[in-house]
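Below is one structure, written out as structure tokens, with a few remarks after it.
Residue numbers (our numbering), protein chains in the order written: chain A, 42 to 246; chain B, 13 to 360.
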């Protein structure tokens, strides 16, 4: 397999074939991350394509300060961040307290109380239980947990990208993780088979 | 550290971003707090689940790659489009400008260059003369060049126009051609013309008469004996004065125009001039022509037909030179005049 650096050099020289190889190598990764961020195939496709277009346009400016894959991760994160901020209309689940959603108010998930287990069960029967759990998070929590646990960004990188403090990142990440844990544990308790849910979530569908 | 504080630090502890002191305190608390220990294990499991989940890659939706390709092509198009848009336009503009410049150079630049070469020696004189004789604004050298250009062009065209009247004088012209062809003799011939012109300068009539007489009998003789003939005609007298004036004259190509009117004045001289009188009306426009005619020999073809007209042709050239401060003739006149020593034509 041709290394990314070589393909990058050829792409910078105008070799479209080399860039197509890079696209084929990372387009699924970008689409998957965008799908986690945005929650639907349409927006995810749009974001992933936009990320590749931006990467192509900005190839001359990419100096190799990080790997091409990491660079794409930052691009897609920024695109999804902007998209989420633009599409703040979607119903979300806040972990910081009562918050208005389209169905009214929901109970906070910070404590032992976990909201609407029925909805979670129904969601579990859907395509992707874990995916739906993440989509239930408010954008600021979703961004943090995806950027940290799915993309592997550091706290500083997340804080820089979101324009907040590292302390805020720590706090949001902690709450988001506890929410997911509670949902998963509750599912395990309900079905007495955590592995089923974990495997189901691990498979992504 | 209590359990609440511990729960809040579990997440950063898993990421290893806690300070050593906090990490140690948390570990101490977890060691004796089973609830927090279980919570830590569950949270670690959740994070591991998420990270394992992140490895999964979903299948691309239908049409994803096609749309991506179109978008990449669209992103590429700006490149090609911008280049085509700007470069073609710029290239077209550059080509247009280049063609325009070359065309302009072909029409104007070449003649100008030739004239400048011929007239080069006379330039300083021309400038002086212009300042003296020409009331026109002392234009910059560029302006002079343009004026020269214009005069050249105008002179060329007018020459053709003037030629018809000269055709009547055809007998005179043919001899001019013959002398003109011999390179060495050309200067002499020009000298004749200038001499005659000088003599004719103001006195077109007298000159015309003289020219007619001498020209008819022996044009070649005049060629060879240019000095003696002019001298006979009264040119010699002027010739003596001429040398100084000639120098001044050459620069006065512009004066050529004025001289032409002088030629127009020639008609009054004699019956022969009578024919010439006809040319005078046309003369004024052609006044510029004589300048070039003398210099470039464009007039030569025209004057050639009229053997008797030779004096006229000579007259024209001379007039232009002496009177006109113009650029083209002066050089020729300067060369010719000096050797001939006959160019005091105008109005001394």
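Quick reminder that beta carbons are idealized off the backbone N, C-alpha and C, glycines included.
This structure is a prediction, so every number in the text was calculated from the model and none was measured.
- A direct Cα-to-Cα measurement between residue 14 of chain B and residue 83 of chain B gives close to 55 Å.
- Taking residue 25 of chain B as the centre and dropping the five residues before and after it, the same chain places the C-beta of 35 and 38 closer than 7 Å to its C-beta, in chain order.
- Taking 9 Å as the upper bound on Cβ-Cβ separation, chain A lies near residues 19, 20, 21, 22, 23, 24, 26, 27 and 29 of the region 17–40 of chain B.
- Pairing residue 54 of chain B with residue 222 of chain A gives a Cβ-Cβ distance under 8 Å.
- Listed in chain order, the positions of the region 56–87 of chain B with a beta carbon within less than 7 Å of a beta carbon of chain A are 58, 59, 61, 62, 63, 64, 65, 66, 68, 69, 70, 72, 73, 76, 79, 80, 83, 84 and 87.
- In the pairwise beta carbon analysis, the region 45–64 of chain A is classified as touching the region 98–117 of chain A: at least three pairs are separated by under 8 Å.
- Counting only residues of its own chain and dropping the five nearest sequence neighbours on each side, residue 56 of chain B has a CB closer than 8 Å to the CB of 26.
- Counting along the chain, no alpha helix (DSSP H) covers residue 195 of chain A, and no H or E run does either.
- A Cβ-Cβ separation of about 5 Å places residue 224 of chain A in contact with residue 174 of chain A under the 8 Å criterion.
- Of the other Cβ atoms in all chains shown, 16 or more fall within 10 Å of the Cβ of residue 114 of chain A; this residue is therefore buried.
- Interface annotation, residue 54 of chain B: in contact with chain A, CB-CB separation under 8 Å.
- By the Cβ criterion, the region 49–60 of chain A is not in contact with the region 69–85 of chain A, since fewer than three pairs of Cβ atoms, one from each stretch, lie closer than 8 Å.
- Proximity of residue 219 of chain A to chain B, defined by a Cβ-Cβ separation below 8 Å, is satisfied.
- Among the residues facing chain B, residue 170 of chain A is not included, as its CB has no counterpart in that chain under 8 Å away.
- The C-alpha of residue 51 of chain A lies about 28 Å from the C-alpha of residue 100 of chain B.
- The C-alpha of residue 197 of chain A lies about 19 Å from the C-alpha of residue 59 of chain B.
- If you keep only unbroken alpha helix (DSSP H) runs of at least 4 residues inside the region 199–234 of chain A, you get 207–232.
- For residue 74 of chain B, no alpha helix (DSSP H) encloses it, and the DSSP letter there is neither H nor E.
- Residue 169 of chain A places its beta carbon 8 Å or farther from that of residue 63 of chain B.
- Judged by their CB atoms, residue 92 of chain A and residue 116 of chain A are nearer to each other than the 8 Å cut-off.
- Here residue 19 of chain B is not near residue 45 of chain B, since their CB atoms are 8 Å or more apart.
- Going by beta carbons, residue 202 of chain A and residue 188 of chain A fall inside the 8 Å limit.
- Where residue 31 of chain B is concerned, there is no enclosing alpha helix (DSSP H), because DSSP gives it neither an H nor an E.
- Short of 7 Å from the beta carbon of residue 21 of chain B, and not among the five residues preceding or following it, lie these beta carbons of its own chain, in chain order: 30, 34 and 38.
- Not a single CB atom of chain B sits nearer than 8 Å to the CB of residue 180 of chain A.
- Straight across, the Cα-Cα distance linking residue 115 of chain B with residue 99 of chain A is about 45 Å.
- Only 186, 187, 189, 190, 191, 192, 193, 195 and 196 from the region 182–203 of chain A bring a Cβ to less than 9 Å from some Cβ of chain B.
- Secondary structure at residue 128 of chain A: coil, using DSSP grouped into helix, strand and coil.
- Here DSSP, grouped into helix, strand and coil, assigns residue 101 of chain A to helix.
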